[in-house]
Each structure stands twice: as C-alpha cells, then as structure tokens.
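Only one structure is covered here, and it is reproduced in the block below.
2 protein chains.
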Amino acid sequence: MQATLIKDLFASLHEGTLAEGDIKVEGWVKTNRDSGKIGFLSLNDGTSFLNLQAVYGGDNPLYEEMKKARTGAAVSLTGKLVVTPNAPQPFELKVTGFELIGDVADDYPLQKKRHSFEFLREIAHLRPRTNTFNALYRVRSVLAYAIHSFFFERGFVYVHTPEITTNDAEGAGQSFEVVTRSKNPYTDFYGVPASLTVSGQLHVEPFALAYRNVYTFGPTFRAERSNTPRHASEFWMIEPEMAFCDLSGDMAIIEALVKHCIAYVEEHCPDEMDFFDKFVAKGLKEKLHKVLHSEFKVMTYSEAIVILEKAVKEGRHFDYSKIEWGMDLQSEHERYLTEVVVGGPVFLIDYPKEIKAFYMKENPDGKTVAACDLLVPEEGEIVGGSQREDIYEVLKAKMEKAGNIEGLSWYLDLRRYGGCPHSGFGLGFDRFLSYITGVGNIRDTEPYPRNYGNLKY
Amino acid sequence: MQATLIKDLFASLHEGTLAEGDIKVEGWVKTNRDSGKIGFLSLNDGTSFLNLQAVYGGDNPLYEEMKKARTGAAVSLTGKLVVTPNAPQPFELKVTGFELIGDVADDYPLQKKRHSFEFLREIAHLRPRTNTFNALYRVRSVLAYAIHSFFFERGFVYVHTPEITTNDAEGAGQSFEVVTRSKNPYTDFYGVPASLTVSGQLHVEPFALAYRNVYTFGPTFRAERSNTPRHASEFWMIEPEMAFCDLSGDMAIIEALVKHCIAYVEEHCPDEMDFFDKFVAKGLKEKLHKVLHSEFKVMTYSEAIVILEKAVKEGRHFDYSKIEWGMDLQSEHERYLTEVVVGGPVFLIDYPKEIKAFYMKENPDGKTVAACDLLVPEEGEIVGGSQREDIYEVLKAKMEKAGNIEGLSWYLDLRRYGGCPHSGFGLGFDRFLSYITGVGNIRDTEPYPRNYGNLKY
Chain A
2 MQATLIKDLF ASLHEGTLAE GDIKVEGWVK TNRDSGKIGF LSLNDGTSFL
52 NLQAVYGGDN PLYEEMKKAR TGAAVSLTGK LVVTPNAPQP FELKVTGFEL
102 IGDVADDYPL QKKRHSFEFL REIAHLRPRT NTFNALYRVR SVLAYAIHSF
152 FFERGFVYVH TPEITTNDAE GAGQSFEVVT RSKNPYTDFY GVPASLTVSG
202 QLHVEPFALA YRNVYTFGPT FRAERSNTPR HASEFWMIEP EMAFCDLSGD
252 MAIIEALVKH CIAYVEEHCP DEMDFFDKFV AKGLKEKLHK VLHSEFKVMT
302 YSEAIVILEK AVKEGRHFDY SKIEWGMDLQ SEHERYLTEV VVGGPVFLID
352 YPKEIKAFYM KENPDGKTVA ACDLLVPEEG EIVGGSQRED IYEVLKAKME
402 KAGNIEGLSW YLDLRRYGGC PHSGFGLGFD RFLSYITGVG NIRDTEPYPR
452 NYGNLKY
Chain B
2 MQATLIKDLF ASLHEGTLAE GDIKVEGWVK TNRDSGKIGF LSLNDGTSFL
52 NLQAVYGGDN PLYEEMKKAR TGAAVSLTGK LVVTPNAPQP FELKVTGFEL
102 IGDVADDYPL QKKRHSFEFL REIAHLRPRT NTFNALYRVR SVLAYAIHSF
152 FFERGFVYVH TPEITTNDAE GAGQSFEVVT RSKNPYTDFY GVPASLTVSG
202 QLHVEPFALA YRNVYTFGPT FRAERSNTPR HASEFWMIEP EMAFCDLSGD
252 MAIIEALVKH CIAYVEEHCP DEMDFFDKFV AKGLKEKLHK VLHSEFKVMT
302 YSEAIVILEK AVKEGRHFDY SKIEWGMDLQ SEHERYLTEV VVGGPVFLID
352 YPKEIKAFYM KENPDGKTVA ACDLLVPEEG EIVGGSQRED IYEVLKAKME
402 KAGNIEGLSW YLDLRRYGGC PHSGFGLGFD RFLSYITGVG NIRDTEPYPR
452 NYGNLKY
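Protein sequences appear in the order of chains A and B.
So for the first sequence, the working numbering puts the first residue at 2; every next one is plus one.
So for the second sequence, the working numbering puts the first residue at 2; every next one is plus one.
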C-alpha cells in the first residue's frame with residue numbers, strides 16, 4: 002500500500018474532500034503515551050508541520066510493542082482514518098498495523114523537554130526535527146521559492162554568478178582565498194589568486210545589459226571576524242539588476258518583492274507562522290501584515306539628518322548622538338526613523354557619496370548618490386540598492402580613486418558599449434528570513450551556519 | 002511613456018490580443034541598414050529572443066541621426082506599432098521618435114560577423130548579447146526554475162547545504178581549501194581546516210529524515226586538473242533525498258524530473274530551442290522529444306556486462322575492449338547500451354560495490370549496491386543515484402574501511418536515531434543544460450566558467 006502523506010490529509014480537510022478509510026502512513030514518533038487500555042501516538046511524517054494522532058486500543062495484538070515506540074523512532078502505521086468533529090484534532094488514525102522501521106538509541110538528544118537554541122546549534126543534523134527548526138527551514142524553502150517565482154513571473158533571467166572570483170570586491174581582509182594543497186597554493190590551480198565572492202552584483206550587471214531584467218541568488222562570503230547574531234561568514238544573497246531603470250523603478254521592485262514574499266509565506270506556511278507568532282516572536286504576524294498593507298515612504302538622507310538632529314535637541318537618547326551630515330547612520334537611528342518618525346517601511350535615499358560604493362550614480366548635486374536603503378520597523382535596514390553610474394568618465398575617475406580599476410576593465414566596458422541607466426539592489430536572504438520568522442540569530446536561520454571560529458559539519 | 006516590452010508584444014500576438022497603436026520601446030540595436038529613403042532597425046530589448054523590426058522613413062527629421070545608430074547601441078524608440086500580415090515579421094514599429102541612450106565605442110567586439118565560441122569565452126561579459134549565448138542563458142534560467150517548480154509542487158523542502166565544509170568528501174586533492182591571508186591561513190579563521198564542498202548529499206540527508214522529501218541546488222567545486230569540455234571546477238548540482246524511498250522510488254523521481262524539465266523548456270523557450278535545433282545541434286528537438294515520450298528502461302550492471310562481452314565477441318569495436326565484471330564502464334560502453342541496445346534512456350542498476358561510494362545500500366547478494374545511473378542517447382550518464390545504507394553496523398564498517406568515520410559521526414547518527422530506507426541522486430546542472438541545448442562545452446553553459454588554469458572575472 003502506498004503511504005499517504007500527512008500534508009495531503011490536511012489539504013483534503015481544507016478542501017472538504019477528506020475521506021474516511023484505510024490508509025498507511027510513515028513517519029517519526031513525536032510523542033507516545035498509553036493508559037494501559039488505550040494509546041495515543043502523535044506522528045510527524047515531515048510533509049506537514051502538523052502531526053497525525055494515531056489511536057491504538059488494548060485489544061490490538063501489537064499494543065505492547067507499539068506502546069514502547071519512542072520519540073524519534075521511524076514507524077509505519079496502517080489503520081482507518083476517521084474524522085473526529087468533537088475532538089481537538091480534526092481526524093485520527095485508528096491503528097490496526099504497526100511496524101518499527103528504525104529505533105532510536107538511548108542517547109537520542111531530542112527528548113520531549115525543551116532545548117535552548119545554543120544547544121540545538123551543536124546538533125545541526127538533528128535540530129530540523131524540532132518544532133521551531135522544522136517550521137524555520139520549511140519557511141526558508143518557501144521563501145526561496147517565493148523569490149524565484151516573483152522574478153520568473155516578471156520575466157527576469159536568473160544568472161548563476163560565480164563563487165570563485167578574481168575580484169576581491171570589498172578590499173583586503175574581507176575575502177576568503179581559495180587555494181589547493183600544492184607547492185604554490187595560491188596560484189597552482191588557476192594561475193592567479195582566487196577569492197570567494199562577496200557579491201554577485203558586478204558579475205550580474207553585464208547580463209542586465211543583455212536581458213534587461215536579471216537577478217542572481219546564491220551564496221556569498223565574508224571573512225569578517227565578528228561574532229554577532231547578524232553576522233555569518235557564508236550567506237545567500239539576492240541581487241537583481243534592471244536596465245532602463247532608475248532609482249524610483251528600483252524602489253518599486255523592492256517594495257513589490259518584499260510584499261510578494263510576505264504574502265507568499267502567509268499563504269503557504271500558515272501553521273508555521275502561527276507557531277512563530279505564538280512561541281518565538283509575539284506580534285510577528287501583525288508586524289508583517291502591517292508592512293504588507295503599508296505604502297513604503299521615501300525620505301532623503303538629508304531630511305533624515307535634520308530629523309535626527311531635532312530629535313537629539315528635544316532629548317531623544319541615542320548611544321551615538323553626534324548627528325552630522327556625512328555620517329553613517331547607526332541601527333538605532335534607522336530604527337528611530339522607521340519606527341517612530343514614519344511608523345512603517347521607509348526608503349532612505351540620496352546618501353553622501355563618500356559613505357557609499359564606487360559604482361553608485363552620482364546625483365546632479367555632486368554630493369550625493371542615487372542609493373536607497375529600505376528600513377523596516379523592528380529590524381532597520383533589510384535592502385540596499387542604487388542606480389549605477391552609467392557615465393564612463395565619472396565611473397572611471399571613481400575607480401581610479403578607489404584603486405580597483407585593474408581587473409575590472411570589463412566592468413567599465415559596460416559604459417562604453419550600449420550603456421543605459423540601470424539599477425539594482427541586494428537582499429540578504431538569511432537576514433530576511435530572520436525578519437520574517439522572528440528567529441533573531443542568523444546562525445539559526447541557516448541549516449549549517451558558518452561564522453568566525455565556528456565550522457562544524 | 003512606460004516602455005513596452007518586446008516579449009509582451011509577442012505574447013499578445015500569440016493570444017490574439019495584439020493592438021496597433023503608439024508605443025515606446027527601449028533596447029539595443031541588433032542591425033541597422035538604410036537605403037537612403039527608408040531604414041530598418043532591428044531592436045532587441047533583452048526580454049525576448051525575438052527582435053522588433055523598426056522602420057523609419059526618409060521624411061523623418063531624425064533619419065540622418067538614426068541611420069548612424071550602430072550595432073550594440075542602446076536606444077529608445079517611439080512610434081506606431083502596426084501588424085504586417087504580408088511581411089516575414091508579424092508586426093513592425095513605424096518610428097516617429099528616436100533617442101540614442103548609449104553609443105558603442107569603435108572597438109566593440111560584437112560586430113555582425115560570426116565569432117567562435119573560443120573567442121566569445123574571452124569576453125564573457127559581452128557574449129550574452131549574441132544569439133547563441135542569449136538563448137543559452139535564458140534556457141539556463143528557465144531550466145533552473147523548472148527544477149525548483151518540480152520540487153515545490155511536490156512538497157519538497159529546498160535546503161541550502163553549506164559551501165564551506167570540514168568534510169573533504171572525495172578525498173585529498175579533489176577539494177579546494179578555504180583560507181584567510183593571515184599567520185596561519187588554514188586555521189586562523191575557523192580554527193579548523195575548511196574546504197569547498199564537492200557535494201551537498203551528506204549534508205542534505207539529515208533533512209530528509211525530518212521532512213521526508215528534500216533537495217539541495219547550489220554550487221559545488223572540484224579541484225580536478227583536467228581540461229575537458231565536460232569538466233569545470235565550479236558547477237551547480239541538484240541533489241534530492243527522499244525518506245521511506247527505495248531505489249525504484251528513486252528512479253521514478255529521476256524519470257519524472259527529467260521529463261518535467263524537457264517539457265518545461267519546450268513550453269517556455271520555443272524560440273530558443275528552434276534556434277539551437279537549427280544552428281547548434283541539428284535534431285536536438287527530436288532527440289529530446291523522444292526522451293520525453295519514452296519509458297525509461299532498467300538494466301542491471303551484470304546484464305550490461307554480458308551484453309558488452311557479447312558485442313565485443315561479435316566484432317563491436319570499443320577503445321576499451323577488456324570487458325569484465327567489476328570494471329568501471331566507459332562512456333563508449335554507456336552510449337552503446339543506451340543508443341544501440343536500448344535505443345532510449347536506460348537506468349543501469351546494481352553496480353559492484355567496490356566501484357561505488359561508501360554510503361550506497363548493499364544488496365542481499367553481498368556484491369552489489371542499490372545504485373542507478375541514468376544513461377541517455379548522445380550523452381551517456383546524466384544522473385547518478387542510490388539507495389543509502391541504512392543499517393548502522395554495515396555503514397560503520399564501510400566508513401572505517403574508507404577511513405572517513407572521523408568527522409562524520411553525525412552522518413552515522415542518522416542510522417541510530419529513527420533511520421529508515423532513503424534514496425537520492427545527483428544531477429549536474431551544467432551538464433544537463435549542455436544536454437538540453439546541444440551546446441557541448443560546459444565552459445559555454447556557465448556564465449563565468451572556472452576550470453583548471455582559467456579564472457577570469
């Protein structure tokens with residue numbers, strides 16, 4: 002008999018097509034208790050966040066065997082599915098057949114009691130079996146698909162930009178080097194030094210000038226020696242790039258993408274989101290729902306500075322209180338702007354050129370660039386974007402100043418061969434997942450986190 | 002005026018809703034020729050493989066300026082879209098307005114003449130603008146989405162397995178090492194030596210034991226010093242893993258996936274596939290169509306050996322003609338089996354355990370393992386899969402023999418904590434794209450190829 006998937010039972014229930022009758026299910030024991038006369042086994046088969054309750058009676062010849070099935074054991078059950086309109090669960094399985102497929106050793110670390118996230122981080126190969134992490138990595142998967150579907154439906158071309166590059170984009174110390182165990186480890190394989198990518202943006206831009214709308218979505222790396230809940234040395238990034246698109250077009254895509262993702266997760270992971278809302282981050286669903294139904298505002302960096310200066314004068318406390326034009330905003334400033342001043346998502350635009358990257362388009366004022374950071378309540382910045390400098394001479398001068406023109410002549414070429422206004426942005430996938438689930442530490446949002454001093458598996 | 006996308010014009014045409022009227026388009030000049038009295042500019046905007054023909058008359062005040070627009074230039078055109086039922090192209094744009102957005106320098110390498118693939122490999126930032134590579138990377142994008150949609154629709158959870166690992170899975174020399182520029186480059190950052198992953202399989206298996214059906218799809222790396230059209234040092238792999246699934250279940254998923262992908266590309270990239278069929282690999286569409294409508298056969302390795310022995314006796318020439326049980330099959334043998342013997346796709350199963358990986362499930366005969374390789378005509382092997390060894394003692398003994406038990410105790414754990422029969426496979430994405438498009442060199446299928454001695458960009 003083909004096994005029935007628990008997700009299909011719940012789907013049928015919602016569609017009103019659930020049929021009673023004989024089925025087989027396979028999965029893992031979540032809990033199992035018996036009174037001597039009747040037993041209740043809660044089964045999770047991995048296809049749904051929800052469990053199937055299985056009931057077995059004392060008259061069952063397998064009763065003694067079945068009551069010994071322990072949390073975590075893989076089992077196969079056959080029996081009759083019956084609807085139970087008066088019980089807490091909508092249906093249950095009246096067990097007739099039982100098979101223990103894989104037992105659990107006595108030292109199984111996931112017993113019924115609660116475990117700390119720190120403890121679970123040490124057993125990354127088992128934590129997807131717990132409620133929190135099971136919900137988390139399913140949302141991660143659905144969120145990834147939400148992103149692909151958003152771009153696919155809009156005709157964007159997905160480009161696999163390279164992981165190994167010659168281009169140490171952010172300067173010395175931030176990149177990992179790729180070597181082989183040989184006489185000249187740095188050059189024996191490729192002939193030139195190789196780094197792990199810190200961003201696919203420069204590599205994806207040429208594709209925007211061929212396909213108009215493109216994106217990359219893949220792993221990126223930073224060898225940052227910081228150990229905060231927001232830093233990982235390996236993480237996934239989404240980096241779209243649109244030709245014939247200025248900063249306002251860029252912001253329109255960012256807003257549409259963020260809303261699409263929230264709506265998609267709401268629709269496809271209702272049980273998981275209920276769980277997070279209840280047990281991980283109270284108020285999460287309301288927070289996201291607000292973002293989904295708000296109009297994203299726009300504020301210039303210069304306006305923000307005036308507002309922050311005024312706030313300090315009126316007694317608002319910031320740890321970093323020396324507000325002046327040209328400064329990098331701190332997280333506390335960003336959160337004040339989005340939470341207190343705007344009360345919703347806001348794009349901060351037109352940053353001083355000195356604090357932004359060389360490839361950003363210089364505004365006519367000569368002082369700022371057409372950059373945008375999206376700030377959201379309870380988090381701060383989640384997206385950074387910009388229009389790109391498309392004037393050859395301006396870009397060349399900036400690259401000469403930044404000292405990165407060597408090895409990037411191909412990037413300059415794009416401004417000599419049919420260039421046009423284009424824009425793009427970067428969305429850190431793991432942080433975005435953290436924002437959407439309320440699971441605050443990036444090390445938990447990643448199946449096997451890597452960060453300074455920590456490499457397991 | 003908002004720009005109209007050329008893909009939308011062709012979509013409307015197919016739906017029978019194309020309306021004549023004033024539009025604006027933006028894109029790049031493919032060709033531009035004029036007779037002195039009338040000019041024809043072929044425009045590609047990147048959203049479609051197909052071009053829009055724009056016509057401009059001698060009476061147009063912009064005539065002199067427009068006729069100078071060169072191949073590769075970015076332009077904006079306004080005018081009236083008219084249907085042309087009697088012309089080769091279904092519609093054209095009668096130009097009223099023209100703007101040169103980005104000119105091309107004189108040294109633009111993509112003039113009208115044909116270029117070799119070798120030459121184009123040197124200008125990876127420009128080749129997506131050529132017909133072949135434009136078609137290729139759009140199919141690459143659609144194929145990636147076909148894979149995600151296949152698994153998403155079936156409830157599989159997408160897992161981002163790590164790129165940086167402690168696990169040099171295939172043994173010394175095949176892995177790249179990840180280091181930082183510091184005193185002790187190999188250990189200063191993580192405290193332990195770090196490699197780039199050669200496969201996500203071991204890391205994804207724990208998730209199958211939590212979600213039942215999972216897959217990983219991401220970059221993998223091999224530091225192989227071989228420079229063949231089939232080898233790249235960085236490539237994308239799809240590695241699904243299914244719990245409660247034996248080898249026959251595994252093969253059913255492989256067959257469904259391969260067919261889904263072919264059908265998806267046929268449906269979403271008809272113009273690109275026509276182009277490949279005509280200019281790159283004649284007979285391509287028929288080859289794929291046959292696979293789509295064939296039933297995949299199954300043959301044991303032992304049967305294959307008997308067939309190959311018989312073929313050699315009957316005079317069939319193989320470069321490697323010493324056929325004996327226990328040998329690794331060469332590509333020529335695989336192609337003979339799929340092309341001559343079966344005349345279609347065939348799974349070869351039950352390989353000698355000595356030539357297969359340690360994690361494959363030992364068959365009751367004690368000599369073979371429950372592995373399958375999918376062979377297809379004109380290519381040979383495209384997928385390798387297996388049921389996994391789920392008996393703790395058997396796996397432990399094999400790992401001790403292979404000498405890789407240290408650092409992989411977590412992998413063994415899966416056989417102690419609710420283990421069950423599970424299976425999976427690996428599909429090399431770049432090779433699969435090569436098979437589907439007929440573009441034979443893996444270095445062309447990748448946006449920025451990396452291989453021994455070659456690292457640009």
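Every residue gets a Cβ at the ideal spot worked out from N, C-alpha and C, and that includes glycine.
If you count every other CB in all the chains shown that lies within 10 Å of the CB of lysine 314 of chain A, and 16 or more means buried, which is it? exposed
For chain A, check one thing: does any of its Cβ atoms lie closer than 8 Å to the Cβ of asparagine 33 of chain B? no
Straight-line Cα distance separating leucine 101 of chain B from arginine 71 of chain B: 10 Å
Rounded straight-line distance, which links the Cα of phenylalanine 277 of chain A to that of threonine 133 of chain A: 8 Å
Could you give the DSSP three-state label for lysine 397 of chain A: helix, strand or coil? helix
Which residues in chain B have a C-beta closer than 7 Å to the C-beta of asparagine 135 of chain A? List them in chain order. Ala211
Please go through the region 337 to 415 of chain A and give each complete alpha helix (DSSP H) segment of 4 or more residues, from N-terminal end onward. 393 to 403 and 410 to 414
Taking only beta-carbon positions, decide if leucine 94 of chain B is within less than 8 Å of chain A. no
Which residues mark the beginning and the end of the beta strand (DSSP E) in which valine 26 of chain A is found? 22 to 35
Less than 8 Å between C-beta atoms, sequence neighbours within five positions excluded: which residues of the same chain meet that for glycine 22 of chain B? Lys81 and Leu82
Chain-ordered neighbours of alanine 74 of chain A on chain B, where CB pairs are closer than 9 Å: Tyr418 and Gly419
Neighbour-count burial assignment, arginine 389 of chain A, 16 or more Cβ in a 10 Å radius: buried
Give the single residue among B/Leu63, B/Val140, B/Pro86 and B/Ser77 whose Cα lies nearest to the Cα of cysteine 270 of chain B. B/Val140
Does tyrosine 418 of chain B come out as helix, strand or coil in the three-state DSSP assignment? strand
Pick out whichever of B/Tyr57, B/Leu309 and B/Thr48 has its Cα sitting closest to the Cα of threonine 41 of chain B. The sequence as given places phenylalanine at residue 41 of chain B; threonine does not occur at that position. Residue B/Tyr57 is the option with its Cα nearest to phenylalanine 41 of chain B.
Pair every Cβ in the region 111 to 129 of chain A with every Cβ in the region 172 to 189 of chain A, then say whether three or more of these pairs are closer than 8 Å. no
Is the CB of arginine 389 of chain A under 8 Å away from at least one CB in chain B? no
Can you pull the chain B neighbours of threonine 162 of chain A, defined as C-beta to C-beta under 8 Å? Pro448 and Tyr449
Would proline 207 of chain B count as contacting chain A if we go by Cβ distances under 8 Å? yes
Residue range of the unbroken beta strand (DSSP E) whose run includes serine 424 of chain A: 423 to 429
If you measure beta-carbon to beta-carbon, which residues of the region 228 to 261 of chain A are closer than 8 Å to chain B? Ser234, Glu235, Trp237, Ala244 and Phe245
Paired residues, beta bridge with methionine 238 of chain B - DSSP: B/Gly219 and B/Gly429
Residues near alanine 282 of chain B in its chain [Cβ-Cβ closer than 6 Å; skip 5 each side]: Gly439
Continuous alpha helix (DSSP H) stretch holding methionine 300 of chain B: start and end: Taken as a continuous stretch (DSSP letters only), methionine 300 of chain B belongs to no alpha helix (DSSP H), being part of the beta strand (DSSP E) at 298 to 301.
Is it right to say tyrosine 321 of chain A is buried, meaning 16 or more other beta carbons lie within 10 angstroms of its own, or is it exposed? exposed
Under 7 Å from the C-beta of proline 271 of chain B: neighbouring residues of chain A: Result: empty, since nearest Cβ-Cβ is about 15 Å, beyond 7 Å.
Which residues in the same chain have their Cβ closer than 7 Å to the Cβ of asparagine 52 of chain B, if we skip the five residues on either side of it in sequence? Lys31, Ser43, Leu44 and Asn45
Rounded C-beta distance between tryptophan 237 of chain A and phenylalanine 218 of chain A? I'm assuming under 8 Å. 7 Å
Got a sec, what are the start and stop residues for the beta strand (DSSP E) threonine 133 of chain B sits in? Note, threonine 133 of chain B: premise wrong, no beta strand (DSSP E); alpha helix (DSSP H) at 132 to 154.
Kindly indicate which three-state DSSP category valine 281 of chain B falls into: helix, strand or coil? helix
Give a yes or no on whether the C-beta atoms belonging to tyrosine 146 of chain A and proline 448 of chain A are separated by under 8 Å. no
Could you tell me whether the region 403 to 411 of chain B touches the region 244 to 252 of chain B, where touching means 3 or more Cβ pairs closer than 8 Å? no
In three-state terms, what does DSSP make of leucine 121 of chain B? helix
Measuring only between beta-carbons, confirm whether arginine 139 of chain A sits less than 8 Å from chain B. yes
For the region 50 to 84 of chain A, which segments carrying the beta strand (DSSP E) assignment without a break, of at least 3 residues, lie completely within its bounds, in sequence order? 53 to 58 and 75 to 84
Chain B contacts from the region 61 to 91 of chain A (Cβ-Cβ distance under 7 Å): Gly73, Ala74 and Ala75
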